[in-house]
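Below: the structure, in structure tokens.
Numbering (the numbering used here), first residue to last: 3 to 401.
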């Protein structure tokens, strides 16, 4: 079948399921994911495994756009009003998830330290894409959203560092200290530094080219080209394209005026790309893995959420955040996907004794988190009174 046939099927089913779930007052992104599960190779088989591999370019591009949007929210003038609180909250929500999952795996489920440290580190990662889509759908704004966006941006950097350190310790336990070099500890910091540097460098070039251009409509072309360039270079250099695209967006946001076309360039083209991204994500959700992970898998899902909610609450308390942030931020941090799955591939390489088990648990967790995560975010923003439209896009008069 043609590549275009599969894209058409993905878009049509994604749109239909998005509409269906909106009548049930669920976030549209949940419908897109369900559509992917239904048409994928594990249910109706309308899109086979081979086709999914050829569609990864759509997923990478969409994730780049999402990361750019997140980064463009990291404006210094906005962040200085929130202060150091965001960093405190991000540290606590990420590391508390690691701490709680690690201890639960070791002392409640009797797993080895290598297994517990590795899966605990992966628990810190949060997938921002589904959360951002829910915020856009309900046009959410307020102190909870203002805190959430920078927190999810910082979260992945913390997750990469926590994973690098934990996996190095796990290797020492597994093979002895002679099997691990100092580079194992330094690698996550190096990856973050160069990912951010790449995004910043392209961001400076983008703003300069935009100033030189006399045609305002060139902004969209320049932004898309810059995102593609960052993704391509990050892949080539084995860097994080998510962090690099966030850095690109943040650099642009801090170098241009708030009304610049560079910050709104993607507004009119992202809808079909995002529908395809989440429907393609659904294609890869194999529900059968839920049957293979047992009690440990359920434990991972539960204790990660406990860690996220508890960590976000403690961090928000220490940061003296608004009451809605303390109450509801943890609920918005449930989704987990791409980064976590990527980290399991590293675990399989460096800790072969437990890598396959950890990957199965994370894949099962991803299925659950990606399906319930958007609903949790919706509940949080409505409870916080920060949704400005209801489930059917009617403007809300009051909260």
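Each residue gets a CB set at the ideal place from its N, CA and C atoms; glycine is no exception. Every value quoted in this text rests on a predicted model; they were computed, and no experiment measured them.
For residue i, count neighbouring C-beta atoms within 10 Å of its own C-beta (all shown protein chains included) and say buried if the count is 16 or more, exposed if not.
{"i": "residue 400", "result": "For residue 400, the pLDDT reaches just 36, beneath the cut-off of 50, and the residue's location in the model is therefore unreliable, although a value from the coordinates is still provided. So residue 400 ends up on the exposed side."}
{"i": "residue 391", "result": "exposed"}
{"i": "residue 397", "result": "Only weak support exists for where residue 397 lies, its pLDDT of 41 falling under 50; the value from the coordinates is given anyway. Label assigned to residue 397: exposed."}
{"i": "residue 50", "result": "exposed"}
{"i": "residue 4", "result": "exposed"}
{"i": "residue 172", "result": "buried"}
{"i": "residue 248", "result": "buried"}
{"i": "residue 299", "result": "buried"}
{"i": "residue 346", "result": "buried"}
{"i": "residue 199", "result": "exposed"}
{"i": "residue 229", "result": "buried"}
{"i": "residue 403", "result": "No information on residue 403 is available, as it lies outside the stretch 3 to 401 that the chain covers here."}
{"i": "residue 325", "result": "exposed"}
{"i": "residue 273", "result": "exposed"}
{"i": "residue 315", "result": "buried"}
{"i": "residue 293", "result": "exposed"}
{"i": "residue 53", "result": "buried"}
Checking 8 Å against the spacing of the C-beta atoms, do residue i and residue j come in under that value?
{"i": "residue 38", "j": "residue 22", "result": "no"}
{"i": "residue 73", "j": "residue 255", "result": "yes"}
{"i": "residue 157", "j": "residue 92", "result": "yes"}
{"i": "residue 389", "j": "residue 142", "result": "yes"}
{"i": "residue 307", "j": "residue 336", "result": "yes"}
{"i": "residue 349", "j": "residue 360", "result": "yes"}
{"i": "residue 331", "j": "residue 76", "result": "no"}
{"i": "residue 281", "j": "residue 59", "result": "no"}
{"i": "residue 165", "j": "residue 129", "result": "no"}
{"i": "residue 303", "j": "residue 375", "result": "no"}
{"i": "residue 352", "j": "residue 169", "result": "yes"}
{"i": "residue 386", "j": "residue 112", "result": "no"}
Let me check understanding here. Comparing Cα to Cα, which of the options lies closest to residue i?
{"i": "residue 1", "options": "132, 104, 90, 52", "result": "The structure shown has nothing for residue 1, since the chain only spans 3 to 401."}
{"i": "residue 317", "options": "52, 94, 62", "result": "94"}
{"i": "residue 27", "options": "230, 385, 387, 380", "result": "380"}
{"i": "residue 204", "options": "222, 241, 310, 250", "result": "250"}
{"i": "residue 189", "options": "240, 233, 221", "result": "240"}
{"i": "residue 285", "options": "55, 313, 71, 139", "result": "55"}
{"i": "residue 222", "options": "196, 271, 119, 252", "result": "271"}
{"i": "residue 110", "options": "213, 78, 175, 301", "result": "301"}
{"i": "residue 313", "options": "35, 303, 126, 287", "result": "126"}
{"i": "residue 174", "options": "14, 119, 327, 315", "result": "119"}
{"i": "residue 231", "options": "70, 87, 25", "result": "70"}
{"i": "residue 29", "options": "277, 86, 79, 213", "result": "277"}
{"i": "residue 139", "options": "96, 176, 338, 24", "result": "24"}
{"i": "residue 96", "options": "80, 161, 252, 79", "result": "161"}
{"i": "residue 44", "options": "134, 86, 246, 287", "result": "287"}
{"i": "residue 246", "options": "275, 227, 213, 202", "result": "202"}
{"i": "residue 329", "options": "226, 279, 146, 184", "result": "146"}
{"i": "residue 253", "options": "114, 311, 79", "result": "79"}
Which value, in whole angstroms, describes the spacing of the CA atoms of residue i and residue j?
{"i": "residue 238", "j": "residue 152", "result": "27 Å"}
{"i": "residue 107", "j": "residue 355", "result": "16 Å"}
{"i": "residue 41", "j": "residue 210", "result": "44 Å"}
{"i": "residue 116", "j": "residue 342", "result": "17 Å"}
{"i": "residue 193", "j": "residue 290", "result": "34 Å"}
{"i": "residue 334", "j": "residue 340", "result": "17 Å"}
{"i": "residue 215", "j": "residue 224", "result": "10 Å"}
{"i": "residue 243", "j": "residue 206", "result": "17 Å"}
{"i": "residue 61", "j": "residue 67", "result": "10 Å"}
{"i": "residue 98", "j": "residue 321", "result": "16 Å"}
{"i": "residue 191", "j": "residue 102", "result": "24 Å"}
{"i": "residue 196", "j": "residue 46", "result": "42 Å"}
{"i": "residue 136", "j": "residue 155", "result": "16 Å"}
{"i": "residue 17", "j": "residue 283", "result": "15 Å"}
{"i": "residue 362", "j": "residue 6", "result": "32 Å"}
{"i": "residue 48", "j": "residue 9", "result": "11 Å"}
{"i": "residue 384", "j": "residue 105", "result": "33 Å"}
{"i": "residue 235", "j": "residue 88", "result": "29 Å"}
{"i": "residue 378", "j": "residue 121", "result": "23 Å"}
{"i": "residue 35", "j": "residue 15", "result": "10 Å"}
{"i": "residue 220", "j": "residue 258", "result": "15 Å"}
First and last residue of the alpha helix (DSSP H) that includes residue i?
{"i": "residue 141", "result": "Looking at the DSSP string, residue 141 is not in any alpha helix (DSSP H), and its letter there is neither H nor E."}
{"i": "residue 108", "result": "Note, residue 108: premise wrong, no alpha helix (DSSP H); not H, not E."}
{"i": "residue 309", "result": "296-320"}
{"i": "residue 379", "result": "354-385"}
{"i": "residue 55", "result": "51-56"}
{"i": "residue 230", "result": "220-238"}
{"i": "residue 116", "result": "115-125"}
{"i": "residue 29", "result": "Element bounds for residue 29: n/a, residue is neither H nor E."}
{"i": "residue 252", "result": "243-257"}
{"i": "residue 276", "result": "272-285"}
{"i": "residue 329", "result": "325-330"}
So, is the C-beta of residue i closer than 8 Å to a C-beta in chain D?
{"i": "residue 324", "result": "In summary, chain D is missing from the structure at hand, where a single protein chain is found."}
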